[in-house]
Amino acid sequence: MSPNTRARGVIDAMQASKIREVANAGMGVQGVQAFWFGEPDTVTPALLCEAGMASIRAGETFYAQNLGITPLRQALAAYSSRLHRSRVAENMVVTSSGMHAIAIVQQALLDPMDQVVVVTPVWPNLTEGPKILGAQVRTVALTFGAQGWQLDLDKLIDAIDAKTRMLIVNSPNNPTGWTMSRVQQQAILAHCRKLGVWILADDAYERLYFEGEPGVAVAPCFEDIAHEQDRLVSVNTFSKAWQMTGWRLGWISAPLELTDALGKLIEFNTSSAPVFVQRAGAVALTEGEDIVRQFVSRLKASRDFLLPALNALPGVTALAPPGAMYAFFKVDGMTDSLAFCKQLVSQHGLGLAPGAAFGPEGEGYVRWCFAASQDKLSAGLERLSGALAQQSRA
Ligand SMILES: Cc1ncc(COP(=O)(O)O)c(C=O)c1O
């Protein structure tokens with residue numbers, strides 16, 4: 205291949221997602237039980253589909269404002285004020301997915317050579333964006349022990365210094381389910397305030413939290429404790445809590461001074477999210493609490509079904525995660541999770557995500573999305589059990 209027709213060096217050197225690598229080997233293969241992506245096995249609830257279709261029928265098929273339609277921005281401000289702190293529509297920015305929200309916030313705030321600290325293991329899409337922009341990523345790893353995944357707060361505080369431009373935290377975390385405590389958030393916010401460091405909080409799983417007060421599933425968030433003048437940006441998505449992965453709709457809660465810049469970036473990236481998708485999003489926020497409640501209770505039941513069954517398998521260690529929708533379990537003696545997951549697909553028809561996809565600290569682990577029916581989880585467990593038995597005989 206001619207070197208003149210290649211992408212920029214940093215993009216060329218970038219590894220494709222290992223989750224996709226496994227999925228590409230198995231997507232379309234008949235009979236594969238797939239738990240590799242972070243999405244439920246059910247279609248978007250009818251109430252939300254209806255709202256989208258009614259908008260199309262009403263002829264709302266045109267471009268929209270860069271920052272989102274006013275009713276959705278107002279609904280986001282009301283939702284966020286109810287859950288976290290007082291927000292106005294001007295704080296809220298509508299994006300074409302949570303992924304898009306992450307990308308434009310990073311574009312708005314990062315220069316080449318800026319230093320970014322990220323708590324890992326984490327969804328790889330959070331760490332690759334800064335690299336695309338020429339920024340440098342430094343990771344602080346959670347550790348796994350008897351209490352599950354834990355953060356060494358001192359280690360994180362030490363890693364954030366005068367040279368740091370941004371801290372990225374995803375809590376509840378994909379893939380581990382680890383959720384940052386309020387005390388840790390307070391210490392980190394105070395430290396970042398002192399040094400002028402931006403916090404990019406990925407709150408995609410804030411509603412998928414199993415330890416909150418009954419009926420009000422929401423994890424502790426930086427958004428609860430921040431002030432308007434803080435350098436805090438929260439990114440979020442309709443994909444998870446309302447089961448709208450394919451709709452591609454997300455949002456940002458940002459300081460007022462940042463939103464014009466985000467609007468410019470939206471213009472030059474996607475220009476706007478579709479109006480009919482935004483209408484469905486507005487209904488999710490104003491009428492969709494039952495959807496969230498039912499989904500969280502279904503997820504909790506799935507988690508409580510899957511985790512003990514995984515632990516009963518020989519060589520498997522898994523602890524119930526406090527949030528998100530993944531079992532991230534250790535397999536004794538397994539040192540190449542990508543090869544292991546490829547083998548599970550090709551020989552046993554089981555689709556899981558390799559731990560190494562989430563950073564080197566994820567090696568030796570496997571991620572299983574449990575947003576699935578118990579019948580489907582049982583079928584997957586049977587296949588995993590068969591694979592482990594075969595390996596132990598080999
Ligand atoms: C941690 C995290 N943040 C953000 C997203 C973004 O989701 P979407 O792009 O579907 O809105 C995901 C999706 O898996 C995720 O796991």
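Using the numbering used here, the first residue of the sequence shown is number 205, and each one after it goes up by one. Note that CB positions come from ideal geometry on N, CA and C, so glycine has one too.
So what's residue i in DSSP terms, helix, strand or just coil?
{"i": "L393", "result": "helix"}
{"i": "Y413", "result": "strand"}
{"i": "V549", "result": "helix"}
{"i": "Q340", "result": "strand"}
{"i": "S582", "result": "helix"}
{"i": "I372", "result": "strand"}
{"i": "G454", "result": "strand"}
{"i": "N228", "result": "helix"}
{"i": "L489", "result": "helix"}
{"i": "I260", "result": "helix"}
{"i": "C573", "result": "strand"}
{"i": "Q482", "result": "helix"}
{"i": "V323", "result": "strand"}
{"i": "Q388", "result": "helix"}
{"i": "D464", "result": "helix"}
{"i": "H250", "result": "Checking the sequence, you will find Ala at residue 250 rather than His. If DSSP states are grouped into helix, strand and coil, A250 belongs with the helices."}
{"i": "I403", "result": "strand"}
{"i": "V214", "result": "helix"}
{"i": "F472", "result": "helix"}
{"i": "F241", "result": "coil"}
{"i": "G352", "result": "strand"}
{"i": "A591", "result": "helix"}
{"i": "A345", "result": "strand"}
{"i": "N440", "result": "strand"}
Rounded to a whole number of angstroms, what is the C-alpha to C-alpha distance between residue i and residue j?
{"i": "G333", "j": "D362", "result": "23 angstroms"}
{"i": "G213", "j": "Q447", "result": "37 angstroms"}
{"i": "T295", "j": "I372", "result": "Looking at the sequence provided, one finds Asn at residue 295 rather than Thr. Roughly 20 angstroms between the two C-alpha positions."}
{"i": "S476", "j": "S300", "result": "7 angstroms"}
{"i": "I306", "j": "L271", "result": "15 angstroms"}
{"i": "P478", "j": "T490", "result": "19 angstroms"}
{"i": "M370", "j": "P325", "result": "17 angstroms"}
{"i": "S582", "j": "S589", "result": "10 angstroms"}
{"i": "K367", "j": "G400", "result": "10 angstroms"}
{"i": "S438", "j": "L548", "result": "36 angstroms"}
{"i": "K580", "j": "Q237", "result": "7 angstroms"}
{"i": "R597", "j": "T539", "result": "18 angstroms"}
{"i": "I308", "j": "I470", "result": "7 angstroms"}
{"i": "T463", "j": "R435", "result": "13 angstroms"}
{"i": "A250", "j": "W451", "result": "14 angstroms"}
{"i": "A405", "j": "A575", "result": "23 angstroms"}
{"i": "A350", "j": "E243", "result": "28 angstroms"}
{"i": "S443", "j": "E427", "result": "20 angstroms"}
{"i": "Q551", "j": "G467", "result": "48 angstroms"}
{"i": "P564", "j": "A591", "result": "24 angstroms"}
{"i": "A528", "j": "L360", "result": "22 angstroms"}
{"i": "T209", "j": "I215", "result": "13 angstroms"}
{"i": "E415", "j": "F266", "result": "42 angstroms"}
Are there any heavy atoms of ligand 1 lying less than 8 angstroms away from the beta-carbon of residue i, as far as the coordinates show?
{"i": "W230", "result": "Contrary to the premise, residue 230 reads as Gly rather than Trp in this sequence. No - ligand 1 has no heavy atom lying nearer than 8 angstroms to the Cβ of G230."}
{"i": "H304", "result": "yes"}
{"i": "F442", "result": "yes"}
{"i": "W572", "result": "no"}
{"i": "G485", "result": "no"}
{"i": "W327", "result": "yes"}
{"i": "N374", "result": "yes"}
{"i": "N473", "result": "no"}
{"i": "R224", "result": "no"}
{"i": "T449", "result": "yes"}
{"i": "D356", "result": "no"}
{"i": "V387", "result": "no"}
{"i": "G242", "result": "yes"}
{"i": "A408", "result": "yes"}
{"i": "R452", "result": "yes"}
{"i": "L554", "result": "no"}
{"i": "N378", "result": "yes"}
{"i": "V323", "result": "no"}
{"i": "A476", "result": "Reading off the sequence shown, one finds Ser at residue 476, where the question assumed Ala. For ligand 1, not one heavy atom lies less than 8 angstroms from the Cβ of S476."}
{"i": "L330", "result": "yes"}
{"i": "V439", "result": "yes"}
{"i": "S301", "result": "yes"}
Alpha helix (DSSP H) runs contained entirely in the region 270-321, provided each spans 4 or more residues: Under the rule that a run must span 4 or more residues, the alpha helix (DSSP H) segments found entirely inside the region 270-321 read 274-287 and 302-313.
Sequence ranges, alpha helix (DSSP H) only - wholly within the region 491-563, length at least 4: With a minimum length of 4 residues, the continuous alpha helix (DSSP H) runs that stay inside the region 491-563 are 493-515 and 541-552.
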